[in-house]
Every structure is written in C-alpha cells, then in structure tokens.
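Visitor: Let me begin by handing over the structure; questions about it come next.
Residue numbers (the numbering used here): 5 to 457.
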C-alpha cells in the first residue's frame, strides 16, 4: 500500500459510520505479562482475508543480547574450494554436452572429445599386447626345447643303462647323452631370458595402460574389460573413439571457456563449475572491537530488511578472525561459515553479521524496531492475541535499548508471542482518533475498519 492509499484509508476511517452495536461487556484486553499495558489499547479483528488484503506479517519475539551485539555489514563469497575446473586431458576436438548455469551431478558427462594422441595411446597398448604375446610364445618354445632335451637325455641314459646290464657298451650313445647334458645349461639360460623378456613386455603393457588411464581419466579396468564387437571379443579400449569427461562433484556450470567443436590443446580450460553451497560471509570489523572479538563467538548472519524476507530469518554461523587487516580503514576481516542454507544466501549478496560479545547481563525480550510506531507522544506495537490468532492487541511500548534493528521491550510481551510487522502502520491508522487511542474494533475484508461501540 503506497502513501496515497494510506492517507485515503485514514480519511475514510475517520468519517466511518459505526457497525451494529454489540451488547455485553467489552473485550478483555488483559494479559498475564502486563495487564495495564494491554488495557491501554483495543483489540482489532484481523481475519485471514484482512491479513491478505493488508499484507500483514508477524515476527516472533526473541531473546536477544541487544546491548551486547555487534552488527557488521558484509557479503557472501565463494570458498576457495567451491570452484572446480575441467581441463582438456589430451589435445583434440571438443563436443560440449552441458550449458552454462546447468546443474550437474557426479557421473554426468560434461563433454566428449576426439584426439590423435588417444589413437597413439591405443597403438602403444596394442603393440604392447603383441609384444606380450610374442614373448609368451618365445618362452613357450624355449621351455618346450628344454623339456624335450631333458626327455631325450633321460631316454638315452636308460638305454645306456640297459646295455650296460647286458654287458654291451655303446660309445655313440654315451657321447650323444653327454652332448645333450652339455646343452641343458644353455637351454636353461634361454628360458630365463624368455621369462625376463615376457616380464618386461608385461610391465610395458601395464605402463601403457596406466598412461592411457591417466591421460583420459578412464580406469584401467574399464579399458581392459571385454566387449563384443560383431560377435568377436576384444578389449574395450580398441573401440573407444570419443572420450568422455564426467563431473566429479555436484555443482553448477559457471563458465564455458570454449565453443562447441573447437580444437583445444592439452591442459587448456574447457569449463568450470561451482558449488553454491560452499559459501562464507566476509565482513570488516573495526580494529577497536578486536579486544571484544575472538574465535568461537555466538554469531548469526541475518538478511537485510527487504520485502519478502523475514527479519528473524537469520542463520547461526561459525566465526573466525581473518588474517587480513586494512591499516587505512582500521578494519580487520571477519569470516563466518553459515551452518544452514537459505535461498538468500548466495555469492555476492549483502547481509549482516551479528556477534554477541562477552556480557554479564542475560538476554532480553526484543521485537523488530520496524514493528514499533510512533503515535502522537507514545510508541505502540500490535501483539497477536495468543488465544485468538485472528485478533491483534494495541500495546504502548515500554521500550529499552535499541540497536537500530531490534528493540528491547520491558513489559507487555512474552517469549512465545508474535507482533505485527508488515501492516502495523495500517493498524495504527485504524486505531487513531484525534491523536489518542481509539476503542477496539474490527476490519472488513475490503480493509475498512469499524470501531466497536
């Protein structure tokens, strides 16, 4: 409601004709907290239709250290680890699969690429596989030769022994046996040499697979798993043409550094994501407040007074005194990490940090300063009737300390009460009568007010 509508409503209310008289005793405006203060004002009916028309909102009474709270302006910023970069593993042509500001989750494909270097890595693995097969075949041949030589030598020795038992000597057989025995050490050396060659080629193969895994981000197991292609089993790495880069953490795509289809060099940036939940609040406190500050203080981050945001929608925070200080402005950095999330907590959004310093006094009941209005020579606020949510009670404010946002109320409210915040000015206009306090009354659904007689 703008100021012109408010003036018109006030003029209408002053000339309003009373509703049908109601018999019976007047409504009881007393409260257990302070009967006298409740009797100083009237009750106003505010059914749901009236609350919607007047835009009435409520704020809860809070226990606050009004006199011992330091409020510091600041803004939210991303934490250093909130941003993650995705760079090009190998040089090649990029095909983007996400758009800016798109939400991604672990495992989502961000982009794919083709690379000549990947073809070289495939060839290296293939050559290593062939080398392993060749070395294994050579070892098999050398092992078979050694086994055959030993068997032949065993047969010759058996024949020589049988002939010796028959008192028949065969010099040729003995020479042949000796020749075979002399060849065994050489054959053993060839077998060991083939085993070494096989082990070396296997290591080269493992290294080539490891290189491909590191370069592409694909696990070694995934590269080597068997797939069916045209009815033939073959390693998966042989049929990978487009390589994929997947998200490793939940986040939002912040920047796309390349265009779709561009050729990108290795290690160049492709895109970056941020985690909007990883934020902190940065404020600058006066250096003169340093003796009262310290890590571990009770603290809240509260939003600015903006339409649509509740004044009591603050979140608790863990506070740390930063390392930065400004000798020119005589300020020191204060960092706070919110312990809960809110829609208004976003990088770059301004807010306030409330710090409770050491105090010997306990907390006091307080309400938002905007809920208290000046009416002539007194200040008033409107308390929601705890027994009837469709009624508000005009209360003369017994004010205490005021910190500009919250004000201490010494009497007339309880810790579980609510007060009218938005719409309090309209209620004040409705209860005014020539500079004094009017009787109780009620609103109609169209926003007009009638006094009770």
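From the three backbone atoms N, C-alpha and C, an ideal C-beta is built for every residue, glycine too.
Rounded to whole angstroms, what is the Cα-Cα separation between residue 275 and residue 317?
Guide: Computed Cα separation, rounded: 35 Å.
Visitor: Going straight from the alpha carbon of residue 107 to that of residue 196, what length do you get?
Guide: The straight-line gap from Cα to Cα measures roughly 58 Å.
Visitor: Please classify residue 151 as buried or exposed, where buried requires at least 16 other C-beta atoms within 10 Å of its C-beta.
Guide: By the neighbour-count rule (16 or more Cβ atoms within 10 Å), residue 151 is not buried but exposed.
Visitor: Straight-line CA distance for residue 422 to residue 301?
Guide: If I take the Cα positions, the gap works out to 28 Å.
Visitor: Taking all protein chains shown into account, do 16 or more other C-beta atoms lie within 10 angstroms of the C-beta of residue 478, making it buried, or fewer, making it exposed?
Guide: Limits of the chain in this structure are 5 at one end and 457 at the other, which puts residue 478 out of reach.
Visitor: Tell whether a beta-carbon distance below 8 Å holds between residue 99 and residue 116.
Guide: Their beta carbons are under 8 Å apart, which means residue 99 touches residue 116 by this criterion.
Visitor: Hey, would you say residue 81 sits closer than 8 Å to residue 351, going by beta carbons?
Guide: Yes.
Visitor: Does DSSP put residue 254 in a helix, a strand or coil?
Guide: Of the three classes helix, strand and coil, the one that applies to residue 254 here is coil, per DSSP.
Visitor: Taking the alpha helix (DSSP H) that residue 424 falls in, what are its first and last residues?
Guide: Taken as a continuous stretch (DSSP letters only), residue 424 belongs to no alpha helix (DSSP H), being part of the beta strand (DSSP E) at 422 to 424.
Visitor: What are the residues that DSSP puts in a beta bridge with residue 278?
Guide: DSSP output for residue 278 lists 87 and 256 as bridge partner(s).
Visitor: Given a cut-off of 8 Å, decide if residue 296 and residue 321 are closer than it, judged by their beta-carbon atoms.
Guide: No.
Visitor: From residue 136 to residue 241, what distance separates their C-alpha atoms?
Guide: Distance between the alpha carbons of residue 136 and residue 241: 17 Å.
Visitor: How is residue 380 classed by DSSP in three states: helix, strand or coil?
Guide: It is coil, neither helix nor strand.
Visitor: What do you reckon, are the CB atoms on residue 279 and residue 254 nearer than 8 Å?
Guide: Yes, the Cβ-Cβ distance between residue 279 and residue 254 is below 8 Å.
Visitor: Here's the rule I'm using: 16 or more other beta-carbon atoms within 10 Å means buried, otherwise exposed. How should residue 315 be labelled?
Guide: Its Cβ being crowded by 16 or more others within 10 Å, residue 315 is buried.
Visitor: For the alpha helix (DSSP H) containing residue 429, name the first residue and the last one.
Guide: First-last of the alpha helix (DSSP H) with residue 429: 428 to 435.
Visitor: Assign residue 77 to buried or exposed, taking buried as 16 or more other Cβ atoms, counted over all protein chains shown, within 10 Å of its Cβ.
Guide: Counting Cβ neighbours within 10 Å, residue 77 comes out exposed, since fewer than 16 surround it.
Visitor: Quick one: grab the DSSP three-state call for residue 347.
Guide: Note: residue 347 maps to coil in three-state DSSP.
Visitor: In angstroms, rounded to a whole number, what distance separates the CA positions of residue 325 and residue 293?
Guide: Whole-angstrom Cα-Cα distance: 12 Å.
Visitor: Quick test of the definition: if touching needs 3 or more C-beta pairs under 8 Å, does the segment 82 to 91 touch the segment 367 to 376?
Guide: Touching, no, given that fewer than three Cβ pairs across the two stretches are closer than 8 Å.
Visitor: Please state whether the Cβ-Cβ distance between residue 405 and residue 65 is less than 8 Å.
Guide: No, they are not a contact pair.
Visitor: Considering just the uninterrupted stretch of the alpha helix (DSSP H) at residue 224, what are its terminal residues?
Guide: 224 to 228 is the extent of the alpha helix (DSSP H) around residue 224.
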